[in-house]
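For reference, the structure discussed in these notes is given below.
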């Protein structure tokens, strides 16, 4: 595991969704985050102390987390410069980008020189198998989305918290770098070889017999021209009993592809149900999660209410209003199982 | 490129679709194949001379091609033994399996010892980008399937041959190891990192302005629980104008997953059209290719005629009856473009 406490990297990011890994850690592992590193041209903040590398070490930080995402996941020269300076100051460096730290000779040399470690979180397990789609025991919920970066991880973690608060066993199953950094395990699905997408999900969410839920973090969107393959394999591997769909109501176009508009929530849900039915014909939708952070609270509440009526499902913003309505519906649809009893029995 | 002539490996294979790489080379690169290597327990043959490794070298072979496929693509111990013996006899060894020859220390050592080369065809290019789905010039046809290994590569190569016979520019774009061995280029799609599936197809099938067709080899099936993610990304990256669907009418279940039945051709075609519309709303189906090798010729012809009427599309077995009917329909739907004129103009 990556040793905390963390210094969270923002660099020169100008895009809120581009810093979602850093923000995810700031929210869900707040106790492990001592500060943020950002350049003068970065207009964003996580609300943490702004620290240089040496100051961060002084404040107890052990690792710089390069918690930013960019299409393609390449290591820009400035990022390499910053990582090298962090190593020199005495920090380990962790990254979830496709481009591995350990493939950057300057960083490998610097880490060796300063006795620090490079952590590439987006390194999939070597022993994956192809999926088989065979029915397996246990209850599984998957978050899906109209687009990338619409709050699937946040929603999934919020659902886990709410189920546990009701004394129902529930485990978050991470499929992305932020989720893996937060939960300590999972599979970086977008870094897996294409043939093993569904198999990787079958591996991280094996049959369970304790009556609890696996809450699987969704990725991408069936309607995203770059990543729909990942979303499709994830749906098949997850074999979900329940789906929650996540959506950003103010986004102008699909992330990274300005010529693609977001799909309608209802049409997107229908497509997801149809694809999911291949491995679980009984799959059903149990809720809608909207990211309303850009809307006034009253407008956000009205939009949730309206969307709920329109689609016949509980609709909420997990951050603003919690997820009790979705969990209520989930438990209505799926009576809790006794330990040892399985969804297949 | 892998140096011919080839000795084609069958080993102990007992399954016709398991030897499709060896058979593909025997058919489409017949002039480069001097023999087949099979063990006594192998009931299959390509109709070539059965040769041991030393005899193959004597007959002029330069490379042993491990032209077999198996789920997961692992190198079984017998396969490693045979490859090692082939190297000792003076042959290079080529493989399209997931498990790389160069990750097998015994083979690396043997290749070095005997001055021979190991070719891992299923090694994707290092410089892939994520797809963007932006409309691009040119005409593209993609073969899709109700299942894996139903004749997509054969059909695509047959379509290329027929278009060229009519003096229309056409290029096969390989997406699997056999196709790559046959055509000399392409991308081993199932070995690509999940995030780059559609981007890899955009790369091997760039905008074209000469009025010709790119004929893209399909992979997997939207209805296969192991590989539908690959098929989805392929559809989006291919941005096809035309689809040809391939089907094996006598197969009892989806390949490798006995608990999944093959989808109906019409339902499968509809699903493919729907997914393909994300990046090309004007996509249309132009034909059906049936693998009728297990049926008497009269029955095969009747089935093609019946399927054609049922779905309103030309239907043929490319091997038994050729693909003129599909190409006729294709050219009806898409009037030939003048060089310089593009589908977008």
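Residue numbers (our numbering), protein chains in the order written: chain A, 11 to 355; chain B, 11 to 355.
The beta-carbon is built from N, C-alpha and C at its ideal position, and this holds for glycine as well.
Please read these numbers as outputs of a predicted model, since none were measured by experiment.
Taking all protein chains shown into account, decide if residue 260 (chain B) is buried (16 or more other Cβ within 10 angstroms of its Cβ) or exposed.
-> The residue given as residue 260 (chain B) occupies position 250 in the second chain. Exposed: under 16 other Cβ atoms inside 10 Å.
Since residue 203 (chain B) is in the alpha helix (DSSP H), which residue starts that stretch and which ends it?
-> Taking the first residue of the second chain as 1, we reach residue 203 (chain B) at position 193. Here residue 203 (chain B) belongs to no alpha helix (DSSP H), and DSSP marks it neither H nor E.
Of all Cβ atoms in chain A, is any one closer than 9 Å to the Cβ of residue 207 (chain B)?
-> Here residue 207 (chain B) refers to the residue found at position 197 when the second chain is read from its first residue. Judged by the 9 Å Cβ criterion, residue 207 (chain B) is in contact with chain A.
Coil, strand or helix - residue 153 (chain B) by DSSP = Here residue 153 (chain B) corresponds to residue number 143 of the second chain, with the count starting at 1. In the structure shown, residue 153 (chain B) sits in a strand (DSSP, three-state: E or B).
Buried or exposed: residue 280 (chain A), going by 16 or more other Cβ atoms within 10 Å of its Cβ?
-> For the purposes of this step, residue 280 (chain A) is taken as the residue at position 270 of the first chain. Counting Cβ neighbours within 10 Å, residue 280 (chain A) comes out exposed, since fewer than 16 surround it.
Residues in the segment 239-253 of chain A having any Cβ partner in chain B nearer than 7 Å = 239, 240, 242, 243 and 246
Residue 169 (chain B) - DSSP class collapsed to helix/strand/coil | Stepping through the second chain from its first residue, residue 169 (chain B) is reached at position 159. The answer is helix: DSSP assigns residue 169 (chain B) an H, G or I state.
Would you give the residue range spanned by the alpha helix (DSSP H) that residue 38 (chain A) belongs to?
-> By one-based count along the first chain, residue 38 (chain A) stands at place 28. 30-38 is the extent of the alpha helix (DSSP H) around residue 38 (chain A).
Residues, ordered as in the chain, of the segment 216-241 of chain A that lie near chain B by beta-carbon distance below 7 Å = 233, 235, 236, 237, 238, 239 and 240
Hey, would you say residue 105 (chain B) sits closer than 9 Å to residue 138 (chain B), going by beta carbons?
-> Within the second chain, the letter at position 95 stands for residue 105 (chain B). Within the second chain, the letter at position 128 stands for residue 138 (chain B). Taking 9 Å as the Cβ cut-off, residue 105 (chain B) and residue 138 (chain B) do not qualify as a contacting pair.
CB of residue 47 (chain B) within 9 Å of CB of residue 20 (chain B), strictly = Locating residue 47 (chain B) in the second chain gives position 37, counting from the first residue. Locating residue 20 (chain B) in the second chain gives position 10, counting from the first residue. With contacts defined by Cβ atoms closer than 9 Å, residue 47 (chain B) and residue 20 (chain B) form a contacting pair.
Collapsed DSSP secondary structure at residue 116 (chain B) in the structure displayed | Here residue 116 (chain B) refers to the residue found at position 106 of the second chain. Of the three classes helix, strand and coil, the one that applies to residue 116 (chain B) here is helix, per DSSP.
Min CB distance residue 282 (chain A) to chain B below 9 Å = What you label residue 282 (chain A) is simply residue 272 of the first chain in a count that begins at 1. Chain B contact via Cβ: absent.
Is the segment 149-158 of chain A in contact with the segment 220-234 of chain A, if contact means three or more CB pairs nearer than 8 Å?
-> yes
Would you check if there are 3 or more beta carbon pairs closer than 8 Å linking the segment 324-336 of chain A to the segment 308-316 of chain A?
-> A contact is defined here as three or more CB-CB pairs under 8 Å, and the segment 324-336 of chain A meets this definition with respect to the segment 308-316 of chain A.
Please report the residue range of the beta strand (DSSP E) in which residue 139 (chain A) lies.
-> Your numbering for residue 139 (chain A) matches position 129 in the first chain. From DSSP, residue 139 (chain A) is part of no beta strand (DSSP E); its letter is neither H nor E.
Tell me the start and end of each unbroken beta strand (DSSP E) in the segment 273-319 of chain A that is at least 3 residues and wholly inside, in chain order.
-> For the beta strand (DSSP E) assignment, the uninterrupted runs of no fewer than 3 residues enclosed by the segment 273-319 of chain A are, from N- to C-terminal side, 294-300.
Partners in chain B for residue 131 (chain A), counting only beta-carbon separations shorter than 9 Å = Translated into positions along the first chain, residue 131 (chain A) becomes position 121. Correct list: empty, because the minimum Cβ distance to chain B is about 15 Å.
Same chain, Cβ closer than 7 Å to residue 295 (chain B), five either side skipped, listed in chain order | On the second chain, position 285 is the one that residue 295 (chain B) refers to. Around residue 295 (chain B): 253, 255, 279, 283 and 323.
Report the rounded CA-to-CA distance for residue 187 (chain B) versus residue 246 (chain B), giving the unit in angstroms.
-> To locate residue 187 (chain B), count along the second chain from 1; it is residue 177. To locate residue 246 (chain B), count along the second chain from 1; it is residue 236. Going from the Cα of residue 187 (chain B) to the Cα of residue 246 (chain B) covers about 21 Å.
Hey, would you say the C-beta of residue 278 (chain B) is under 8 Å away from at least one heavy atom of the ligand NAD?
-> In terms of ligand content, the structure shown is empty, and the ligand NAD therefore cannot be addressed.
Amino acids of chain A, ordered along the chain, whose beta-carbon sits closer than 8 Å to that of residue 137 (chain B) | Walking along the second chain from the start, residue 137 (chain B) turns up at place 127. Listed along chain A, no residue sits closer than 8 Å to residue 137 (chain B) by beta-carbon distance, the nearest being about 10 Å off.
DSSP beta-bridge partners of residue 78 (chain B) | Walking along the second chain from the start, residue 78 (chain B) turns up at place 68. Answer is none; residue 78 (chain B) lacks a bridge partner.
Is DSSP giving residue 260 (chain B) helix, strand or coil here?
-> By 1-based counting over the second chain, the position of residue 260 (chain B) is 250. Note: residue 260 (chain B) maps to coil in three-state DSSP.
Buried or exposed: where does residue 263 (chain B) fall if 16 or more other Cβ atoms within 10 Å of its Cβ makes it buried?
-> By one-based count along the second chain, residue 263 (chain B) stands at place 253. Answer is exposed; the Cβ neighbour count stays below 16.
Among A:44, A:52 and A:100, which residue has its Cα nearest to the Cα of residue 64 (chain A)?
-> If you number the first chain from 1, residue 64 (chain A) lands on position 54. Per the Cα distances, A:100.
For the putative contact between residue 79 (chain B) and residue 156 (chain B), defined by C-beta atoms under 8 Å, what is the C-beta separation to the nearest angstrom?
-> By one-based count along the second chain, residue 79 (chain B) stands at place 69. By one-based count along the second chain, residue 156 (chain B) stands at place 146. About 18 Å; that fails the 8 Å criterion.
Can you give me the start and stop residues for the alpha helix (DSSP H) that residue 343 (chain A) sits inside?
-> Looking up residue 343 (chain A) in the first chain gives position 333. Element bounds for residue 343 (chain A): 334-343.
For residue 355 (chain B), decide whether its Cβ has a neighbour in chain A, counting only Cβ atoms nearer than 9 Å.
-> Locating residue 355 (chain B) in the second chain gives position 345, where the first residue counts as 1. No answer about residue 355 (chain B) holds up, because its pLDDT of 43 lies below 50 and its placement is not dependable.
Would you identify the three-state DSSP class for residue 105 (chain B), choosing helix, strand or coil?
-> Reading the second chain from its first residue, position 95 is the one you call residue 105 (chain B). It is a strand residue.
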